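Notes follow the structure.
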Amino acid sequence: MTGLKIQQNEDVHQRVLDAQMKKALAQREPTWDEVWFTGWAKPSGKNQPGIFQSKLSGLDKERLHKVKLAIESGEISRDVESLKKFTKAHALRLYKVLQDTRKHSILQKMVDETPDNYRFIQTEVQLEQLVQDLADETVIAVDTETTGLDVYNDMIVGISLTLPKADYHVYIPVAHKVGKQLNRQVVLNALTPMLSNPTVGKVLHNAKYDIHMLIRHGVRMRGLVHDTRVAMALLNENEPSYALKNLATKYGSKFGFEDTSHTFDELFGKTCFDEVPLDVALVYAAKDTHLTWKLYEWQQQHLQRLGKLERLYRELENPLIEVCVDMEQCGFLIDKNYAQQYGEELRSEIRQLEQSLTDHFGDINYNSTIQLARKLYDELKLPEVNARSTDVKTLKALKDKHPGIEYLLKYRELTKLLSTYVEALPERIKPDGRIHGSFNQVATVTGRFSSNEPNLQNLPIKARKLIIAPPGKLLIGSDFSQIEPRLLAHISGDKHLQEPYLNGQDLYSTLASKVFKKPIEECGDGSKYRKMMKVGLLAVMYGTSMHTLSTQLEITVDEAHQFIGDFFRTYPQVHSFIKYTHEFVKENEYVETLYGRKRRFPGHRQKAKVYDSLAKQICEILGVDELPLNVWRNNDIPRDLKRRFYDVKGDVESARRQSVNAIIQGTAADVMKRAMLNLHKYCTARGWTLCGTVHDEALMIVDDTVTECDVKEIEACMITAASLTVPLKVDTEIMQRWGEGVKKGEWFASAA
DNA sequence: CGGCTGGGCCAC
DNA sequence: AAACGTGGCCCAGCCG
Numbered sequence: 001m002t003g004l005k006i007q008q009n010e011d012v013h014q015r016v017l018d019a020q021m022k023k024a025l026a027q028r029e030p031t032w033d034e035v036w037f038t039g040w041a042k043p044s045g046k047n048q049p050g051i052f053q054s055k056l057s058g059l060d061k062e063r064l065h066k067v068k069l070a071i072e073s074g075e076i077s078r079d080v081e082s083l084k085k086f087t088k089a090h091a092l093r094l095y096k097v098l099q100d101t102r103k104h105s106i107l108q109k110m111v112d113e114t115p116d117n118y119r120f121i122q123t124e125v126q127l128e129q130l131v132q133d134l135a136d137e138t139v140i141a142v143d144t145e146t147t148g149l150d151v152y153n154d155m156i157v158g159i160s161l162t163l164p165k166a167d168y169h170v171y172i173p174v175a176h177k178v179g180k181q182l183n184r185q186v187v188l189n190a191l192t193p194m195l196s197n198p199t200v201g202k203v204l205h206n207a208k209y210d211i212h213m214l215i216r217h218g219v220r221m222r223g224l225v226h227d228t229r230v231a232m233a234l235l236n237e238n239e240p241s242y243a244l245k246n247l248a249t250k251y252g253s254k255f256g257f258e259d260t261s262h263t264f265d266e267l268f269g270k271t272c273f274d275e276v277p278l279d280v281a282l283v284y285a286a287k288d289t290h291l292t293w294k295l296y297e298w299q300q301q302h303l304q305r306l307g308k309l310e311r312l313y314r315e316l317e318n319p320l321i322e323v324c325v326d327m328e329q330c331g332f333l334i335d336k337n338y339a340q341q342y343g344e345e346l347r348s349e350i351r352q353l354e355q356s357l358t359d360h361f362g363d364i365n366y367n368s369t370i371q372l373a374r375k376l377y378d379e380l381k382l383p384e385v386n387a388r389s390t391d392v393k394t395l396k397a398l399k400d401k402h403p404g405i406e407y408l409l410k411y412r413e414l415t416k417l418l419s420t421y422v423e424a425l426p427e428r429i430k431p432d433g434r435i436h437g438s439f440n441q442v443a444t445v446t447g448r449f450s451s452n453e454p455n456l457q458n459l460p461i462k463a464r465k466l467i468i469a470p471p472g473k474l475l476i477g478s479d480f481s482q483i484e485p486r487l488l489a490h491i492s493g494d495k496h497l498q499e500p501y502l503n504g505q506d507l508y509s510t511l512a513s514k515v516f517k518k519p520i521e522e523c524g525d526g527s528k529y530r531k532m533m534k535v536g537l538l539a540v541m542y543g544t545s546m547h548t549l550s551t552q553l554e555i556t557v558d559e560a561h562q563f564i565g566d567f568f569r570t571y572p573q574v575h576s577f578i579k580y581t582h583e584f585v586k587e588n589e590y591v592e593t594l595y596g597r598k599r600r601f602p603g604h605r606q607k608a609k610v611y612d613s614l615a616k617q618i619c620e621i622l623g624v625d626e627l628p629l630n631v632w633r634n635n636d637i638p639r640d641l642k643r644r645f646y647d648v649k650g651d652v653e654s655a656r657r658q659s660v661n662a663i664i665q666g667t668a669a670d671v672m673k674r675a676m677l678n679l680h681k682y683c684t685a686r687g688w689t690l691c692g693t694v695h696d697e698a699l700m701i702v703d704d705t706v707t708e709c710d711v712k713e714i715e716a717c718m719i720t721a722a723s724l725t726v727p728l729k730v731d732t733e734i735m736q737r738w739g740e741g742v743k744k745g746e747w748f749a750s751a752a
């Protein structure tokens, strides 16, 4: 009876999907390449020294040499004042030399072609006029030039502004080594009312960086209306470079910049911007805001055209930029003593392991896969189970073959922990005693956050323990429970998958009971069926091959195939959703999340058509409906057909897996980002701080007086971030040390 | 020496 | 032939 019912549901669902598909196709948007996919920007000359730097490098050496000679010959004395005089005089001479030698260079061309409406602000009078003109503007473009990229150590060298109504672009040098300029504080004082005024809209490229920089100089910028870097990531998540000048070179012709725009690296390499002569600085820096403004106008058109993306940008990504800034400013406190002590323990344990390893394998570098493979496979003749690989999986398989392997595995584990985390984290401590990793909201194709310098999203539990709450504070970690399966249940509309969530049952137990047709008692926590189901559901969402699934579950490939088949028969709408997604991406070359974030697959349609037609031919030859598991080994299929099929197989199947995954993972990312906006608002109002995210988890620093009721409100911020057909669930841990969390129930029980 | 790549491995 | 999605960091080894 149930089988028949499911069958009927599937048919109904299929008809709905067919209708949706027809509708989608009828009104489908032109795909990316049809509209404006004009090829890749070439980040050329990336590892070259920069036009400016190459001219300076020789002179720099010369300067050092001359200073040395002058000191040795007694021409100047060793005191600071004389040295300063000498180098300043030399800097001026250097500048003149530079002016002579770059006559035919790109820099000279840039300077010669400086547009009339690029202006310096070098005097009090000019600054006063600028402030007056700014009063008439409603939205402006802003950019800062700095001594480097470290927002906690480097300094602002100059500020660029674009005034769209007055139609001019300014560069305000404030800390160049040579040239007429105003004092930085004078300039900031004059601009602060405008910068901190939220009703004056600001447009920037990578605003997070400039906001941090201004914070460093005591100014909190408000009124961010558009970030061309973030918006570009929504408009093309596949863009190979988001450097402003690379975007200008690639898309500039759409908004009036026909020439090649050179990036900072290309022009200046590692030269500090305060050494760049003012005439070059003007044309480079003013062009920054000029380009940003033009890019903004052009992006606006496209965001309007793609309505959903405009909303996603305005409601989610743009406000999230400030959240990100606050998160990074907060940072994490490291327990230095713990790190020191733990480091010592690890080093001593590693030294002992090295001794044992030397006894077993002789004096080689155990971090070198090349030396290790030579030792294991050439000298010791261990069986090559996995093509001379030396990864953990292979080593575990070889464990019985050689007594040294277990030491090697332990060595791997400990050196990874020591070098990547325990030693690396304390080195990141900034002047304020904390580590400020950065969180990037637009670094992934699916919309997830990424983190770097250091990556705070991949700390193992043992390394998380280095991070502690500041005195009088507590760390709170709230994570969405099973958000991806819940989203699969919502998006696929599969009533059977939704059921356990609606009835408050355990998902994996229920699933296992149905798919394996076992009584629920046999599928409880810790049962093998529940464990298998957990892996199996992930496999369905990620599109795992039968081969991989079979090794993961330690079953045969046929059993894995049977398992997935049973799963799809039990949850037919999940199957329909996946098939529908594959069809959709084949026609449209993109998929989108619940909130309209897109993942595009340029060029997929053609390959998918080839794939489908070849697959059909193969099926016809074999007289079957479904592609067999191993086409390659089947000798009934002509070699040429097989070859052509395998030419596109990898790309097409990969894009299909990515498309399904992008919808689930991307929607989860959207929900988390919405939750973060809620949490940031809530925490800020209480004087607390949202300080990080690990994909489905939010981290906060709160007062140690936090109550059970506060925690409920925090969870509500997250749960209400999306309204789905299944409820969202949040689990919260409270901790003094990350990685030593206590569930909220236990925490408040023991507190009372 | 700095930059790059591939192998390996940490997280969700 | 390839085998599961999204990231970033460390190390060895190579190159200019």
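Following this note's numbering, the numbering of the first sequence begins with 1 at its first residue and continues without gaps.
Just so you know, even glycine gets a beta-carbon here, dropped at the ideal spot from N, CA and C.
None of these values were measured; they are calculated from a predicted model.
contact_flag[the region 279-290, the region 157-176] where n(CB pairs < 8 Å) is 3 or more:
yes
Determine the burial state of residue 695: buried for a count of at least 16 other Cβ atoms within 10 Å of its Cβ, exposed for fewer.
Mapped onto the first sequence, residue 695 falls at position 695. Buried, since its Cβ has 16 or more Cβ neighbours within 10 Å.
Which word fits residue 646, buried or exposed, when buried means at least 16 other C-beta atoms lie within 10 angstroms of its C-beta?
Mapped onto the first sequence, residue 646 falls at position 646. Exposed is the call here.
Ends of the alpha helix (DSSP H) at residue 188?
Here residue 188 refers to the residue found at position 188 when the first sequence is read from its first residue. First-last of the alpha helix (DSSP H) with residue 188: 184-195.
Segment limits, beta strand (DSSP E) that includes residue 232:
Start at 1 with the first residue of the first sequence, and residue 232 comes out as number 232. First-last for residue 232: 228-235, but that is the alpha helix (DSSP H), not the beta strand (DSSP E).
When burial is assigned at 16 or more other CB atoms within 10 Å of the CB, is residue 183 buried or exposed?
Within the first sequence, residue 183 is the residue found at index 183, counting from 1. With fewer than 16 Cβ atoms within 10 Å of its Cβ, residue 183 is classed as exposed.
Nonlocal neighbours in the same chain, by C-beta distance under 7 Å from residue 394, ignoring five residues either side:
In the first sequence, counting from the first residue as 1, residue 394 sits at position 394. Result list for residue 394: 385 and 386, in chain order.
With a threshold of 6 Å on Cβ separation, who are the neighbours of residue 598 within its own chain once the five nearest residues in sequence on each side are excluded?
Counting from one through the first sequence, the residue named residue 598 turns up at place 598. Closer than 6 Å at the Cβ level, and outside the excluded window around residue 598, lie 590 and 592.
Rounded C-beta distance between residue 671 and residue 607? I'm assuming under 8 Å.
For the purposes of this step, residue 671 is taken as the residue at position 671 of the first sequence. For the purposes of this step, residue 607 is taken as the residue at position 607 of the first sequence. Contact flag wrong, Cβ pair sits at about 32 Å.
Note the first and the last residue of the continuous beta strand (DSSP E) segment covering residue 254.
The residue labelled residue 254 in the question sits at position 254 within the first sequence. Element bounds for residue 254: n/a, residue is neither H nor E.
Helix, strand or coil at residue 307 [DSSP, three-state]:
Here the question's residue 307 lines up with position 307 in the first sequence. Helix at residue 307.
With distances taken from CA atoms, which of 540, 559, 291 and 479 is nearest residue 744?
In the first sequence, residue 744 corresponds to position 744, counting from 1. Residue 744 has its Cα closest to that of 479, out of 540, 559, 291 and 479.
At the level of alpha carbons, what is the spacing between residue 397 and residue 505?
The sequence position of residue 397 within the first sequence is 397, counting from 1. The sequence position of residue 505 within the first sequence is 505, counting from 1. If you take the alpha carbons of residue 397 and residue 505, they lie about 38 Å apart.
So who's on the other strand from residue 504, going by DSSP bridges?
Working through the first sequence from its first residue, we reach residue 504 at position 504. Note: residue 504 sits in no beta bridge, so no partner.
Other residues of its chain near residue 617: CB distance less than 8 Å, five sequence neighbours each side excluded
Taking the first residue of the first sequence as 1, we reach residue 617 at position 617. Same-chain partners within the cutoff: 641.
Roughly how many angstroms separate the alpha carbons of residue 175 and residue 146, rounded to a whole number?
Translated into the one-based positions of the first sequence, residue 175 becomes position 175. Translated into the one-based positions of the first sequence, residue 146 becomes position 146. Going by the C-alpha atoms only, they are around 9 Å apart.
For residue 173, the residue or residues it bridges with in DSSP
Stepping through the first sequence from its first residue, residue 173 is reached at position 173. Paired residues: 158.
Which term fits residue 238, buried or exposed, when burial requires 16 or more other beta carbons within 10 angstroms of its beta carbon?
Walking along the first sequence from the start, residue 238 turns up at place 238. Its Cβ having fewer than 16 others within 10 Å, residue 238 is exposed.
Run the CB neighbour count on residue 473, radius 10 Å, all protein chains shown included, and call it buried at 16 or more, exposed below.
Translated into the one-based positions of the first sequence, residue 473 becomes position 473. Flag for residue 473 reads buried.
For residue 85, collect the residues of the same chain with a Cβ closer than 7 Å to its Cβ; drop the 5 residues on either side in sequence, then sort them by chain order.
Counted from its first residue, the first sequence places residue 85 at position 85. Because residue 85 sits at a pLDDT of 47, beneath the cut-off of 50, its placement in the model cannot be relied upon, and the point is left open.
Per DSSP, residue 143 is paired with what?
Residue 143 sits at position 143 when you count from the first residue of the first sequence. Residue pairing from DSSP places residue 143 in a beta bridge opposite 160.
Endpoints, beta strand (DSSP E) assigned at residue 150:
The residue given as residue 150 occupies position 150 in the first sequence. Segment: none, residue 150 is in no beta strand (DSSP E) and carries neither H nor E.
Exposure label - residue 723; buried when at least 16 CB within 10 Å:
One-based indexing of the first sequence puts residue 723 at position 723. That one is exposed.
What did DSSP end up calling residue 744 once you bin it into helix, strand or coil?
Sequence index remark: in the first sequence, residue 744 carries index 744 (1-based). In the three-state scheme derived from DSSP, where H, G and I count as helix and E and B as strand, residue 744 is classed as helix.
Please state whether DSSP places residue 767 in a helix, a strand or coil.
Residue 767 cannot be examined here, being either before or after the span of the chain that is shown, 1 to 752.
In terms of residues, what are the limits of the beta strand (DSSP E) holding residue 542?
Residue mapping note: residue 542 aligns to position 542 of the first sequence, counting from 1. Not the beta strand (DSSP E): residue 542 falls in the alpha helix (DSSP H), residues 528-542.
Could you work out which residue in 335, 498, 351 and 260 is closest to residue 422 when comparing CA atoms only?
As a first step, residue 422 is located in the first sequence; it is residue number 422 there, counting from the start. When each option's Cα is compared against that of residue 422, the closest is 335.
Can you tell me whether DSSP reads residue 693 as helix, strand or coil?
On the first sequence, position 693 is the one that residue 693 refers to. Looking at residue 693 - three-state DSSP - the assignment turns out to be strand.
I need the straight-line Cα distance from residue 376 to residue 715, nearest angstrom please.
The residue labelled residue 376 in the question sits at position 376 within the first sequence. The residue labelled residue 715 in the question sits at position 715 within the first sequence. Rounded to the nearest angstrom, the two C-alpha atoms are 52 Å apart.
Go ahead and pull the three-state DSSP assignment for residue 724.
Here residue 724 corresponds to residue number 724 of the first sequence, with the count starting at 1. In this structure, residue 724 counts as coil in the three-state DSSP scheme.
Rounded to the nearest angstrom, what separates residue 526 and residue 510 at their Cα positions?
Looking up residue 526 in the first sequence gives position 526. Looking up residue 510 in the first sequence gives position 510. Cα to Cα, the separation comes out at about 13 Å.
Extent of the continuous alpha helix (DSSP H) run through residue 413
As a position in the first sequence, residue 413 is number 413, starting the count at 1. Here the alpha helix (DSSP H) through residue 413 covers 405-416.
C-alpha gap between residue 742 and residue 258, whole angstroms:
By one-based count along the first sequence, residue 742 stands at place 742. By one-based count along the first sequence, residue 258 stands at place 258. Taking the straight line from one Cα to the other gives about 59 Å.
For residue 18, which residues of its own chain have a beta-carbon under 6 Å away from its beta-carbon, when the five flanking residues on both sides are left out?
Working through the first sequence from its first residue, we reach residue 18 at position 18. Because residue 18 carries a pLDDT of 46, less than 50, the predicted location of this residue cannot be relied on, and no value is offered for it.
Let's test the definition: count the other Cβ atoms within 10 Å of the Cβ of residue 747 and tell me whether it reaches 16, buried, or not, exposed.
Sequence index remark: in the first sequence, residue 747 carries index 747 (1-based). With at least 16 other beta carbons inside 10 angstroms of its own, residue 747 counts as buried.
I need the DSSP call for residue 373, collapsed to helix, strand or coil.
Taking the first residue of the first sequence as position 1, residue 373 is located at position 373. Note: residue 373 maps to helix in three-state DSSP.
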